[in-house]
Amino acid sequence: MSYSLSRLMSTATASYGVYALAQPRHLGRAISKNPKEQADYDVLAQTYGARDLTVSALGLFGRSDRTVTAAMVTRIVCDISDGLILSVKAHDDETRNKVLGVTMGWATLNTLALVIDRRNARKAHLI
């Protein structure tokens, strides 16, 4: 089993996880212009980083279709819930649209990768 696109997305997500742990203030800066409010998002960004590294490890190193699929579905659901939760905190439409664009964009890319990989796996199994 290869699931190469899912593994590629897991690699990209792991990279974000490292970034979120190393530079947690990025999230607050994306949500608020107020430096005091920005700091309030540091722990959340670090939590995202740890979560993303864990889920990405399953997606990258999972030995079965089920493990990689579970990692990808978890990632997709997390992106959607992150977007919905963070968009409520946005102070203006521009920020809200940015938050939703990034989170729903990642959810979409992960969904496409998983759908294509699963289709390719079914085709390979039939041959």
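The sequence shown runs 3 to 129 under this note's numbering. A virtual CB, placed ideally from N, CA and C, is assigned to each residue, including glycine.
Check residue i in the structure and name its three-state DSSP category.
i	result
H93	coil
K100	helix
V36	The question names Val, but residue 36 in the sequence shown is Asn. Looking at N36 - three-state DSSP - the assignment turns out to be coil, as it is neither helix nor strand.
G61	helix
Y50	helix
Y5	coil
Y18	helix
S83	helix
S12	helix
D42	coil
Is the separation between the beta-carbon of residue i and that of residue j shorter than 8 Å?
i	j	result
D81	T105	yes
R77	T15	yes
L116	T71	yes
A73	V57	yes
Label residue i either buried or exposed according to how many other C-beta atoms from any shown protein chain fall within 10 Å of its C-beta, with 16 as the threshold for buried.
i	result
D54	buried
V101	buried
R121	exposed
N112	buried
R9	buried
S4	exposed
A41	exposed
S6	exposed
A126	exposed
G19	buried
Cα separation between residue i and residue j?
i	j	result
D95	A32	13 Å
S34	G51	19 Å
T69	L60	7 Å
S66	P37	45 Å
F63	K91	35 Å
S12	G30	24 Å
*At a cut of 8 Å, does the segment 19-26 reach the segment 83-96 through at least three beta carbon pairs?*
Result no; under three Cβ-Cβ pairs closer than 8 Å.
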